[in-house]
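Colleague: So that we are looking at the same thing, I have put the structure below in structure tokens.
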Amino acid sequence: MAHFQRWKNLRIGSQVFFLVVFFVLLWQARYPLGGPFPMDLFLRLDPLLGILLSIASRVVLLSFALSLIIIVLTLIFGRAFCGWICPLGTTFDVADHLMKSRAHGTRIRTRWWKYVVLIGLMVAAILSYQGLWFFDPLVLLDRTATGVILPWFWFLIKELFATTFNIPVIQNPAFGLYNPLAGVIIPLSQPLFLHSMSILLFFVGILALEKLHRRFWCRSLCPLGALLGVFGHRAPFQRTVKSDCNECALCRENCKMGAIHKDYDRTNRADCILCLNCAIICPQDSITFEFASLKHSPAAFDLTRRRWIGAAVAGVAVVPLIKTTRTTNQLSSRSLRPPGALPEDLFLNRCVRCQECVQVCSSTGGCLQPSLLETGWDGCWSPIANMRMGYCEYQCNLCSKVCPSGAIHKITLEDKQSRKMGRAFFDRNRCIPYDRMEDCLVCEEHCPTPEKAILFDVRETRRPDGTIADVKFPYVRLDRCIGCGICEYICPLPGESGVYCTRENEERWGQKTNIAFTS
Amino acid sequence: MAYPIITRREFVTGAATVAVGTVLLGPNRLFGTVPVPDVSVVRGGSAAAATRRALELLGGMNHYVASGDTVIVKPNIGWDTRVGLGADTNPEVVKEVITMCFEAGAKKVKVFDNTCNEPRRCYQSSGIEAAAKSAGAEVEFMNENRYDQIDFPNGVRLKSWPVYRDALPGNRDKIINIPVLKHHSLPKTKSGKPGISLGFKNMMGIMGGNRGQIHNGFEENIVDFCTVIRADLTIVDATNVLRRNGPRGGRLADVEKLDTIIAGADMVAVDAWGVKTFGYEPDDLIYLSEANRRGLGHIDLSRVVTVEERLS
Numbered sequence: 001m002a003h004f005q006r007w008k009n010l011r012i013g014s015q016v017f018f019l020v021v022f023f024v025l026l027w028q029a030r031y032p033l034g035g036p037f038p039m040d041l042f043l044r045l046d047p048l049l050g051i052l053l054s055i056a057s058r059v060v061l062l063s064f065a066l067s068l069i070i071i072v073l074t075l076i077f078g079r080a081f082c083g084w085i086c087p088l089g090t091t092f093d094v095a096d097h098l099m100k101s102r103a104h105g106t107r108i109r110t111r112w113w114k115y116v117v118l119i120g121l122m123v124a125a126i127l128s129y130q131g132l133w134f135f136d137p138l139v140l141l142d143r144t145a146t147g148v149i150l151p152w153f154w155f156l157i158k159e160l161f162a163t164t165f166n167i168p169v170i171q172n173p174a175f176g177l178y179n180p181l182a183g184v185i186i187p188l189s190q191p192l193f194l195h196s197m198s199i200l201l202f203f204v205g206i207l208a209l210e211k212l213h214r215r216f217w218c219r220s221l222c223p224l225g226a227l228l229g230v231f232g233h234r235a236p237f238q239r240t241v242k243s244d245c246n247e248c249a250l251c252r253e254n255c256k257m258g259a260i261h262k263d264y265d266r267t268n269r270a271d272c273i274l275c276l277n278c279a280i281i282c283p284q285d286s287i288t289f290e291f292a293s294l295k296h297s298p299a300a301f302d303l304t305r306r307r308w309i310g311a312a313v314a315g316v317a318v319v320p321l322i323k324t325t326r327t328t329n330q331l332s333s334r335s336l337r338p339p340g341a342l343p344e345d346l347f348l349n350r351c352v353r354c355q356e357c358v359q360v361c362s363s364t365g366g367c368l369q370p371s372l373l374e375t376g377w378d379g380c381w382s383p384i385a386n387m388r389m390g391y392c393e394y395q396c397n398l399c400s401k402v403c404p405s406g407a408i409h410k411i412t413l414e415d416k417q418s419r420k421m422g423r424a425f426f427d428r429n430r431c432i433p434y435d436r437m438e439d440c441l442v443c444e445e446h447c448p449t450p451e452k453a454i455l456f457d458v459r460e461t462r463r464p465d466g467t468i469a470d471v472k473f474p475y476v477r478l479d480r481c482i483g484c485g486i487c488e489y490i491c492p493l494p495g496e497s498g499v500y501c502t503r504e505n506e507e508r509w510g511q512k513t514n515i516a517f518t519s
Numbered sequence: 520m521a522y523p524i525i526t527r528r529e530f531v532t533g534a535a536t537v538a539v540g541t542v543l544l545g546p547n548r549l550f551g552t553v554p555v556p557d558v559s560v561v562r563g564g565s566a567a568a569a570t571r572r573a574l575e576l577l578g579g580m581n582h583y584v585a586s587g588d589t590v591i592v593k594p595n596i597g598w599d600t601r602v603g604l605g606a607d608t609n610p611e612v613v614k615e616v617i618t619m620c621f622e623a624g625a626k627k628v629k630v631f632d633n634t635c636n637e638p639r640r641c642y643q644s645s646g647i648e649a650a651a652k653s654a655g656a657e658v659e660f661m662n663e664n665r666y667d668q669i670d671f672p673n674g675v676r677l678k679s680w681p682v683y684r685d686a687l688p689g690n691r692d693k694i695i696n697i698p699v700l701k702h703h704s705l706p707k708t709k710s711g712k713p714g715i716s717l718g719f720k721n722m723m724g725i726m727g728g729n730r731g732q733i734h735n736g737f738e739e740n741i742v743d744f745c746t747v748i749r750a751d752l753t754i755v756d757a758t759n760v761l762r763r764n765g766p767r768g769g770r771l772a773d774v775e776k777l778d779t780i781i782a783g784a785d786m787v788a789v790d791a792w793g794v795k796t797f798g799y800e801p802d803d804l805i806y807l808s809e810a811n812r813r814g815l816g817h818i819d820l821s822r823v824v825t826v827e828e829r830l831s
């Protein structure tokens, strides 16, 4: 027992370690981007992403080669990843303690659901649709951390300091404490996301399921858990019970995965996550974990033929359902994709909505946002550039560097600086020189192309008050404008900008625009 | 008698002439002691050497910075562009100015600018962060919660605007403005030629709020601003001058090497010299005429005492 208590402490240590590493790596996805480890390390370790994305996009994605480590680990130790490493699993364990939810290890009737999810995703992937963006656990946590947790945390820190900046005596020492951290640890500008509430609601929903019993998501819904269960259901390292078991049922009741068979002897190795709680709780000390000859596993997947077929049919049925939802042209035309993004269908097929690009962008230009329905249900939480909340930095190509799946192609800075995300339009009803007949030119000032894409005509104009004056009227040169959106961002008008960007003229990766321009 | 004879009347007249002359012309010019010109213009040499010489001609930095002063050095760090492209102030100039401040006994030198691109990018690629730190200055990012609303009682158009706290009188002793001379479409000219960005425009870097709104009626707004917040010393960096596609630029083809430093305490006179260096008549810039009219300085260069020098 004491022996396993040590191992359990080690397990908790491992969980905390990987949770911290997860957040540190995510936080590291920021300008100027460095550090020894890729910030998407956890995603690269995810075999579900590697396998299903490769199937859906008909390319072997070598960036996920690291996930072989997890597969090998699982072949030997079963779902140890879920119990020892997975940061979402750790989040559930923490939440369970806070919510005082109970293990209810005998409730096992829903555990086959996760295989239905996995089969459905697999079938959809064969039909070239990836539904991972909705179901992958690491993506889920990545998205929640980027969209909700980190902005919330930084807001709190920044506001606490901001309050002290207006208190006479302590303002200077407080700023002296804050300023060396600003831009180094604390983000210079607060990340703000339009649709973070939708991300939070989804996450809260999954957390609420924990009230039914512990690790509900891992037991019944997680497709990565299902995949690792398939790999690990015959793992040689396993739970064994000595013959002196007095069948007190404590282990089964307290198994957070519901993995212990009602004879208390056999273990469902497709569900056991090696948390070691049973070995510690056993009053007889008869449970141990060791390499053992393969025991018979009780109906590991609980999948009847009818469920198999049902899952496959569901996978086929859902694809057209999602693919036939579309948004209006107007909304999607204002939703610019990051520079280097694949053509739209390929892009959505590859983008897992992990928000790594959004995270890195929030530390510099800050235009990328997780969308909601601007590009359809199909495009939910995919990155779009909102040029009123930020703009695409001319000297930045960080989003293309952090994309784990290649939905944004890795493009050079020179490529990015000439690649059109879209183009700018002047709204001549709102733009100040057209509306008030006064000079403004903030957009022209900021336009970053070496030869300005925003130019102006000087015209003698009769102003509303009857005076005659020379006014500078801005216009766009299509051949130079790359749609970076700094004009839209910086326009001094409140609310709607007097100049805005649309996807017209965009050049996706591998696709050049056919629109001819004359200017 | 070999003595020249002067009558009492001649003596009184002569004495009065000397007295009136002294008052009118200033004692320095009359008696030839330590002439301190209004503006110095140094051409040629390295940027650092020219900057140092320009200050020497003005009587040295300790003419402007006293021992124990807290000094704000305000270069243009507005854009994320490389050194030498003329969008941001030459880091060598900034470094030399900071060094001279410390030589004059400054206690603390702070460097900051409200940038147009992302601040860390601008501070880094302009080379100013590294240069200023190596000279011992504190380089800070401006914080959105540290602006104070300032009133401009004599403002024609601008009545009130948020200004960075550290740059306000009371929180610093001196402010040294180091603009870079470059093309900028905003400042209007009488002739209709493209505008120029100089010291007045560079003062926008300590403003907060929605600065784009300053653009409408820029000429009045910027002069209103400088009726309250004035630089103690302006040093124009005209080493690499962006001729077109300003203020951001990005092409070496648009940059002309003029290797010129202009310095002086009169914001209008220094800008006027900058305009002249760019090739325009000073009163072509409407904001300068406006500043002159409101008594912020002298635009008529024939009446501004200037020392020009060429370094080899």
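Residue numbers (the working numbering), protein chains in the order written: chain A, 1 to 519; chain B, 520 to 831.
Idealized CB from N, CA, C, for every residue including glycine.
Computed from a predicted model, the values in this text were never measured in an experiment.
1) What residues in the segment 433-447 of chain A have a beta carbon less than 8 Å from any beta carbon of chain B?
2) Return the chain-ordered list of same chain residues with a C-beta closer than 8 Å to the C-beta of B:Val507, the five sequence neighbours on each side being excluded.
3) Got a sec, what are the start and stop residues for the alpha helix (DSSP H) B:Trp680 sits in?
4) In chain order, what residues of the segment 727-747 of chain B put their CB closer than 9 Å to some CB of chain A?
5) Only counting the same chain, and skipping five residues up and downstream in sequence, which positions put a Cβ closer than 6 Å to that of A:Pro236?
6) Which word fits A:Phe426, buried or exposed, when buried means at least 16 other C-beta atoms lie within 10 angstroms of its C-beta?
7) Using only the alpha-carbon positions, how far apart do A:Ser519 and A:Leu41 sit?
8) Buried or exposed: where does A:Pro173 fall if 16 or more other Cβ atoms within 10 Å of its Cβ makes it buried?
9) What do you get for A:Phe17, buried or exposed, if any count of 16 or more other CB atoms within 10 angstroms of its CB means buried?
10) So, is A:Phe517 buried or exposed, given that buried needs 16 or more other C-beta atoms within 10 angstroms?
11) According to the neighbour-count rule (16 or more other Cβ atoms, all chains shown, within 10 Å of its Cβ), is A:Phe22 buried or exposed?
12) Below 8 Å on the Cβ atoms is my contact criterion, and I expect A:Val139 with A:Val352 to pass it. Report the Cβ-Cβ distance as a whole number of Å.
13) Does the distance from the CB of A:Cys251 to the CB of A:Ile206 come in under 8 Å?
14) Since A:Phe155 meets chain B, which of its residues come closer than 9 Å, beta carbon to beta carbon?
15) Hey, out of A:Leu227, A:Leu25, A:Trp112, whose CA is closest to A:Thr74's CA?
16) Closer than 7 Å by C-beta to A:Lys158: which residues in its own chain qualify, once you throw out the five before and the five after it? Chain order, please.
17) Based on the DSSP output, what are the partners of A:Thr524 in its beta bridges?
18) By the DSSP assignment, the alpha helix (DSSP H) with B:Ile780 in it spans what residues?
19) Which partner residues does B:Pro799 have in the DSSP bridge list?
20) Answer with yes or no whether the minimum CB distance from A:Leu224 to chain B is below 8 Å.
21) Here's a check: name, in chain order, each residue in its chain whose Cβ is nearer than 6 Å to the Cβ of B:Ile780, leaving out the five neighbours to either side.
22) A:Asn514: buried (16+ other C-beta within 10 angstroms of its C-beta) or exposed?
23) Taking 8 Å as the cut-off, decide whether the C-beta atoms of B:Phe744 and B:Leu705 are in contact.
24) How big is the Cα-Cα spacing for B:Met520 and B:Ala538?
25) From this set, B:Thr708, B:Ile617, B:Ile725, which residue's C-alpha is nearest B:Val747's C-alpha?
26) Rounding to the nearest angstrom, what Cα-Cα distance links B:Ala686 and B:Lys627 in this structure?
27) Mapping DSSP to helix, strand and coil, what is A:Gln369?
28) Taking only beta-carbon positions, decide if A:Cys501 is within less than 8 Å of chain E.
29) Using the beta-carbon of each residue, which ones in chain B are nearer than 8 Å to A:Glu451?
30) For A:Phe511 and A:Arg419, I'd like the C-alpha separation in whole angstroms.
31) Name the residues in the segment 700-717 of chain B whose C-beta lies less than 8 Å from a C-beta of chain A; which are they?
32) Rounded to whole angstroms, what's the CA-CA distance from A:Pro137 to A:Leu209? Just pull it up for me.
33) What is the rounded straight-line gap between the Cα of A:Ser57 and the Cα of A:Arg477?
34) Which whole-angstrom value describes the C-beta separation of A:Phe37 and A:Leu25, a residue pair presumed to lie in contact below a C-beta threshold of 8 Å?
35) What does a CB cutoff of less than 8 Å around B:Asn696 pick up in its chain, not counting 5 residues either side in sequence?
36) Give me, in chain order, the residues of the same chain whose beta-carbon lies closer than 7 Å to that of A:Cys275; leave out the 5 immediate sequence neighbours on both sides.
Modeller: In short:
1) Arg436, Glu438, Asp439, Cys440, Leu441, Val442, Glu444, Glu445, His446, Cys447
2) Since the first residue shown for chain B is 520 and the last is 831, residue 507 of chain B is missing from the structure and cannot be characterised.
3) Element bounds for B:Trp680: not the alpha helix (DSSP H) but the beta strand (DSSP E), 679-683.
4) Asn729, Arg730, Gly731, Gln732, Ile733, His734, Asn735, Gly736, Phe737
5) Phe291
6) buried
7) Bear in mind that a pLDDT of 37 at A:Ser519, under 50, signals an unreliable position, so the model cannot answer this.
8) exposed
9) exposed
10) For A:Phe517, the predicted structure reports a pLDDT of 44, less than 50, and the residue's modelled location is therefore unreliable. A value from the coordinates is still provided. Its Cβ having fewer than 16 others within 10 Å, A:Phe517 is exposed.
11) buried
12) 5 Å
13) no
14) None at all; the shortest Cβ gap to chain B is about 13 Å.
15) A:Leu227
16) Ile186, Gln190
17) This structure cannot settle anything about residue 524 of chain A, because the visible part of chain A is limited to 1 through 519.
18) Careful: B:Ile780 lies outside any alpha helix (DSSP H), inside the beta strand (DSSP E) at 774-783.
19) Going by the sequence as given, residue 799 of chain B is Tyr instead of Pro. B:Tyr799 pairs with nothing; no bridge assigned.
20) no
21) Val561, Ala569, Thr570, Ala573
22) With a pLDDT of only 45 at A:Asn514, under 50, the local geometry of the prediction cannot be trusted, and the value read off the model is given with reservation. Looking at its Cβ environment, which holds fewer than 16 other Cβ atoms inside 10 Å, A:Asn514 is exposed.
23) no
24) In this prediction, B:Met520 scores a pLDDT of 47, lower than 50, which makes its location untrustworthy; no coordinate-derived value is stated.
25) B:Ile725
26) 13 Å
27) strand
28) Within the model displayed, chain E is absent; protein chains A and B are what it includes.
29) Asn764, Arg770
30) Just to set this straight, residue 511 of chain A is Gln in the shown sequence, not Phe. Distance between the alpha carbons of A:Gln511 and A:Arg419: 11 Å.
31) His703, Ser704, Leu705, Lys707, Gly711
32) 15 Å
33) 37 Å
34) 6 Å
35) Lys593, Gly718, Asn721, Met722, Ala750, Leu752, Thr753, Ile754, Met786
36) Arg11, Gly83, Lys256
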